Amino acid sequence: MRVKNLLVAFLFFGLAFAEFGIALTSTGAIEDEELESIRSIFYANGKIYIISPDLSGYFVYNIQDKDMDKKTYDELSGVRDVFVDERGYMYFTKSGSIWKKAPSMKQIRTYDGAYGIWKLGDLLYLTDEKENRIVVMADDGAVLNFVGQKGEYNLMFDSPKGIFYYDGKFYIADYNNGRVQVLYENLSLYDICGKTNIMMESAYDVFVDSDYVYVVDRKGNEIVWFTKDCYPVFSYTINAPVGVVVVNDTMYIAQEDGKIQRFNYERLNPFQYIFLQMKEYLDDVEYYENLYYIGKEIGVQGNWNIIDYYDSVQAKYEQNRPGEAYFYLQKFKSYDILNETRYLENAISARMLSLANGRWNEKDIEKAVKNKDFDLALELLKTEQQTQPILNITEEKNETKPVRNITKIPEEAFTEIEQKIANPPLLTDYSKAKEYYQKAIEYKEKDPELAYSYLQSASSLIEEENKKTSVYPLLALLFIVLVALVGYALFGGKKRR
2 MRVKNLLVAF LFFGLAFAEF GIALTSTGAI EDEELESIRS IFYANGKIYI
52 ISPDLSGYFV YNIQDKDMDK KTYDELSGVR DVFVDERGYM YFTKSGSIWK
102 KAPSMKQIRT YDGAYGIWKL GDLLYLTDEK ENRIVVMADD GAVLNFVGQK
152 GEYNLMFDSP KGIFYYDGKF YIADYNNGRV QVLYENLSLY DICGKTNIMM
202 ESAYDVFVDS DYVYVVDRKG NEIVWFTKDC YPVFSYTINA PVGVVVVNDT
252 MYIAQEDGKI QRFNYERLNP FQYIFLQMKE YLDDVEYYEN LYYIGKEIGV
302 QGNWNIIDYY DSVQAKYEQN RPGEAYFYLQ KFKSYDILNE TRYLENAISA
352 RMLSLANGRW NEKDIEKAVK NKDFDLALEL LKTEQQTQPI LNITEEKNET
402 KPVRNITKIP EEAFTEIEQK IANPPLLTDY SKAKEYYQKA IEYKEKDPEL
452 AYSYLQSASS LIEEENKKTS VYPLLALLFI VLVALVGYAL FGGKKRR
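Just so you know, the sequence shown maps onto residues 2 to 498 in the working numbering.
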């Protein structure tokens with residue numbers, strides 16, 4: 002898995018666990034001499050159910066008692082996945098069929114491509130790795146609905162594997178596409194984890210809790226964490242993972258070779274982490290913002306991005322979107338605010354002393370500057386200006402000023418984004434940008450500042466999509482040249498007989 006830097010689009014970056022309030026401490030492995038390999042795991046009712054391709058049946062690990070039990074059934078030869086409900090009834094997929102143990106074992110129906118399985122109410126939801134779709138069945142096996150076909154676009158799949166349900170949404174491990182598609186219960190698309198801001202080699206299984214979406218990248222040998230709004234925050238490298246579950250403060254990661262690694266899992270949820278980071282930088286940002294506006298009055302240009310990104314963190318935090326808040330927090334932290342502050346202080350000091358040179362209150366201004374009381378120094382300069390126009394600044398004429406206290410957004414701003422979304426270049430996906438644009442329309446009158454924030458987000462996403470697809474023509478040209486060279490090498494150099 003290669004994480005793309007969200008601070009500079011599509012560049013590599015890595016994150017330490019400690020940075021996002023996460024710590025994993027190994028406490029050893031769960032092993033059994035009869036458990037030689039693992040295909041999948043499932044947690045329910047205080048137990049971890051383990052599916053092994055070497056066993057006609059399954060293993061059960063009791064977390065409290067820390068013991069392992071083996072269950073064998075001839076009917077479960079080739080078993081792939083398991084779901085266990087609150088009553089202890091079990092549902093299995095295996096090569097060619099679907100089974101139920103409630104409490105006796107019986108076949109629900111034959112079904113060739115069934116892999117992952119989940120039961121919600123009276124319905125079964127399956128991933129069909131052969132037909133590349135998600136299937137809804139009645140408890141008796143009757144197919145009621147399905148969605149999907151082979152492909153890489155929205156609601157298309159390439160060998161889907163694991164499935165998980167949490168808080169009104171299904172999370173589908175789209176294996177060969179290296180992503181998790183998040184669907185509503187009616188199978189319409191909600192979001193995609195791993196589509197643009199991260200590249201995973203595969204998505205074999207998925208687990209979800211109140212804070213994160215955990216994705217098993219089997220080919221990439223990693224477990225990848227996403228926030229609920231599908232922003233990647235960090236990953237953990239482990240050889241050949243096939244499943245992950247989180248129970249209280251313990252994380253269990255199953256490996257293909259038959260081991261389940263166990264970790265103490267200490268974490269802050271995304272909102273706690275972002276809140277603490279915002280609190281840590283609040284005084285620095287407020288001081289820098291004050292310097293910024295003092296500098297503007299005397300012709301010294303500060304870095305507006307520092308203020309803008311911090312404000313964006315605040316906005317996304319209040320909108321209950323921790324992933325996007327984290328995205329802007331990383332952009333904000335890409336600037337060294339202490340160095341930026343020192344630079345701006347020095348620039349303002351030099352400019353103030355230059356403006357005050359030879360004036361009647363020069364010494365007072367010099368003293369205020371020395372004490373870094375820039376507000377007082379500015380007031381003294383303004384007092385001087387009452388008799389002489391020393392603050393006649395011309396540098397601001399062509400400067401793009403930050404938008405604050407917005408009361409109305411020009412219609413041209415909406416029209417520009419609307420036209421871009423309506424005419425996307427080939428292979429671009431503006432769906433997320435369209436969502437933000439529609440939000441901007443919604444808040445256009447009742448909250449212009451929020452609407453403007455959504456417009457900015459839509460514009461940024463369009464720009465990122467365009468950067469992605471801008472390389473496609475070059476790749477196509479290189480492919481044509483390569484084909485031509487191969488053709489010439491095979492046929493063009495032969496002499497006629």
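From the three backbone atoms N, C-alpha and C, an ideal C-beta is built for every residue, glycine too.
Predicted model only: the values in this text are computed from it and were never measured.
Do residue i and residue j have their C-beta atoms closer together than 8 angstroms?
{"i": "Tyr-126", "j": "Ile-64", "result": "no"}
{"i": "Phe-93", "j": "Val-83", "result": "yes"}
{"i": "Ala-459", "j": "Ile-261", "result": "no"}
{"i": "Tyr-294", "j": "Val-245", "result": "no"}
{"i": "Glu-130", "j": "Pro-161", "result": "yes"}
{"i": "Lys-101", "j": "Leu-77", "result": "no"}
{"i": "Tyr-44", "j": "Ser-57", "result": "no"}
{"i": "Ile-275", "j": "Ala-348", "result": "no"}
{"i": "Val-217", "j": "Pro-242", "result": "yes"}
{"i": "Tyr-329", "j": "Ser-355", "result": "no"}
{"i": "Ile-51", "j": "Tyr-62", "result": "yes"}
{"i": "Glu-363", "j": "Ala-369", "result": "no"}
Please classify residue i: is it buried, with 16 or more other beta-carbons within 10 angstroms of its beta-carbon, or exposed?
{"i": "Ile-481", "result": "exposed"}
{"i": "Leu-145", "result": "exposed"}
{"i": "Asp-175", "result": "buried"}
{"i": "Lys-196", "result": "buried"}
{"i": "Gly-169", "result": "exposed"}
{"i": "Trp-361", "result": "exposed"}
{"i": "Asn-178", "result": "buried"}
{"i": "Ala-103", "result": "exposed"}
{"i": "Thr-26", "result": "exposed"}
{"i": "Asp-258", "result": "exposed"}
{"i": "Gly-296", "result": "buried"}
{"i": "Asp-206", "result": "buried"}
{"i": "Thr-128", "result": "buried"}
{"i": "Glu-466", "result": "buried"}
{"i": "Gln-273", "result": "exposed"}
In whole angstroms, give me the CA-to-CA distance for residue i and residue j.
{"i": "Tyr-318", "j": "Thr-228", "result": "13 angstroms"}
{"i": "Ala-490", "j": "Gly-221", "result": "37 angstroms"}
{"i": "Leu-190", "j": "Ala-452", "result": "24 angstroms"}
{"i": "Arg-405", "j": "Lys-373", "result": "Low local confidence applies: a pLDDT of 44 at Arg-405 is under 50, so the model's placement there is unreliable, with the coordinate-based value given in what follows. Those two C-alpha atoms are separated by around 26 angstroms."}
{"i": "Thr-384", "j": "Val-301", "result": "19 angstroms"}
{"i": "Asn-424", "j": "Val-286", "result": "39 angstroms"}
{"i": "Thr-28", "j": "Phe-264", "result": "5 angstroms"}
{"i": "Tyr-282", "j": "Ile-23", "result": "20 angstroms"}
{"i": "Ala-204", "j": "Ile-49", "result": "21 angstroms"}
{"i": "Asn-155", "j": "Val-136", "result": "16 angstroms"}
{"i": "Arg-180", "j": "Glu-223", "result": "13 angstroms"}
{"i": "Val-248", "j": "Phe-171", "result": "20 angstroms"}
{"i": "Pro-54", "j": "Tyr-116", "result": "13 angstroms"}
{"i": "Arg-1", "j": "Gly-97", "result": "With the chain running from 2 to 498 in the structure shown, residue 1 is simply not present."}
{"i": "Ile-307", "j": "Ile-338", "result": "8 angstroms"}
{"i": "Asn-340", "j": "Tyr-289", "result": "11 angstroms"}
{"i": "Ser-350", "j": "Gly-303", "result": "13 angstroms"}
{"i": "Val-80", "j": "Asn-321", "result": "40 angstroms"}
{"i": "Gly-114", "j": "Gly-89", "result": "25 angstroms"}
{"i": "Asn-291", "j": "Leu-277", "result": "22 angstroms"}
Between which residues of its own chain and residue i is the CB-CB distance below 8 angstroms, once the five residues before and five after are set aside?
{"i": "Leu-456", "result": "Ile-410, Ala-414, Phe-415, Ile-418, Tyr-437, Tyr-438 and Ala-441"}
{"i": "Leu-486", "result": "none"}
{"i": "Asp-123", "result": "Ala-139 and Asp-140"}
{"i": "Asn-133", "result": "Gly-149, Gln-150, Lys-151, Gly-152, Met-157, Phe-158, Asp-159, Ser-160 and Pro-161"}
{"i": "Glu-87", "result": "Ala-45 and Asn-46"}
Can you tell me whether residue i is helix, strand or coil according to DSSP?
{"i": "Leu-127", "result": "strand"}
{"i": "Ser-500", "result": "Outside the displayed span of the chain (2 to 498) sits residue 500, for which this structure offers no information."}
{"i": "Gly-163", "result": "strand"}
{"i": "Glu-132", "result": "coil"}
{"i": "Glu-32", "result": "coil"}
{"i": "Trp-100", "result": "strand"}
{"i": "Leu-7", "result": "Any reading at Leu-7 is ruled out, since the residue's pLDDT is 31, under 50, leaving its predicted position unreliable."}
{"i": "Lys-48", "result": "strand"}
{"i": "Tyr-191", "result": "strand"}
{"i": "Glu-223", "result": "strand"}
{"i": "Asn-467", "result": "helix"}
{"i": "Glu-267", "result": "strand"}
{"i": "Met-353", "result": "helix"}
So, for residue i: in the same chain, excluding its five sequence neighbours on each side, which residues have a beta-carbon less than 7 angstroms away from its beta-carbon?
{"i": "Tyr-166", "result": "Trp-119 and Leu-121"}
{"i": "Glu-35", "result": "Lys-71"}
{"i": "Lys-421", "result": "Ile-463"}
Please go through the same chain and pick out, in chain order, the residues whose beta-carbon is closer than 6 angstroms to the beta-carbon of residue i, but skip the five residues on each side of it.
{"i": "Gly-359", "result": "none"}
{"i": "Phe-147", "result": "Arg-134 and Val-136"}
{"i": "Glu-267", "result": "Ala-24"}
{"i": "Asp-192", "result": "Val-183 and Cys-231"}
Measure from the C-beta of residue i to each C-beta in chain D and report whether the shortest distance is under 8 angstroms.
{"i": "Leu-483", "result": "Absent here is chain D; the protein component of the structure consists of one chain."}
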